[in-house]
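So that you can map any letter, position 27 of the sequence shown is 62 in our numbering, and since no number is skipped, the others follow by simple counting. These notes are about the structure you will find just below.
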Amino acid sequence: MRIRSLIYRDHAKNEPGSAIVELTGEEIVALNNIIRKATKEQEGKSASLEMAKSSILLNALVQHGGLDSVDILALSEVDERLHRHQGGEGNAQQ
């Protein structure tokens, strides 16, 4: 992984920070596997589930050049969990 650009978080200015990184195909596969495992049981709106969707899409495009039925099913499953709320509206994971 190569860090191309990095902006530090600035609490005083309420800026979250960001990074632009370059990953190899192998690193994308590893990152995708880590994110999917970490979010396997999550439900409700969360940044990590949004990231899981993005990593599935990225992995499919880099590894296969497009989406197949397995990728579409995985995206659909994560999207369904993303829009499901645990214990009602007030208890959704943030």
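Built from N, CA and C at the ideal position, the CB exists for glycine as well. This structure is a prediction, so every number in the text was calculated from the model and none was measured.
Among residues of its own chain, excluding the 5 on either side of residue i, which ones have a beta-carbon nearer than 8 Å to its beta-carbon?
i   : result
S90 : I63, L66, N67, I70 and R71
I42 : E50, G52, S53 and A54
If you follow the alpha helix (DSSP H) that residue i is part of, which residue opens it and which one closes it?
i   : result
R71 : G60 to A73
For the beta strand (DSSP E) containing residue i, list its first residue and its last residue.
i    : result
L180 : One cannot answer for residue 180 here, as it falls past the ends of the chain, which runs 36 to 129.
E57  : S53 to E57
Under three-state DSSP, which class holds residue i?
i    : result
D45  : strand
E112 : helix
E85  : helix
Excluding five sequence neighbours on each side, which residues of the same chain lie with their C-beta closer than 6 Å to the C-beta of residue i?
i    : result
N126 : Confidence at N126 is low in this model, with a pLDDT of 41, below 50, so the placement of that residue should be treated as unreliable; the coordinate-derived value is given next. Cβ neighbours of N126 beyond the five flanking positions: none.
L102 : A95
Confirm, please, whether the CB-CB distance from residue j to residue i is below 9 Å.
i    : j   : result
G60  : V97 : yes
L58  : M36 : yes
L108 : L92 : no
Take residue i and list the residues in its own chain whose beta-carbon comes closer than 7 Å to its own, dropping the five residues that flank it on each side.
i   : result
I38 : A54 and V56
**Prompt:** On the three-pair Cβ rule with 8 Å, is the segment 110-117 touching the segment 77-88?
**Reply:** Per the Cβ contact rule, the segment 110-117 is in contact with the segment 77-88 (3 or more Cβ pairs under 8 Å).
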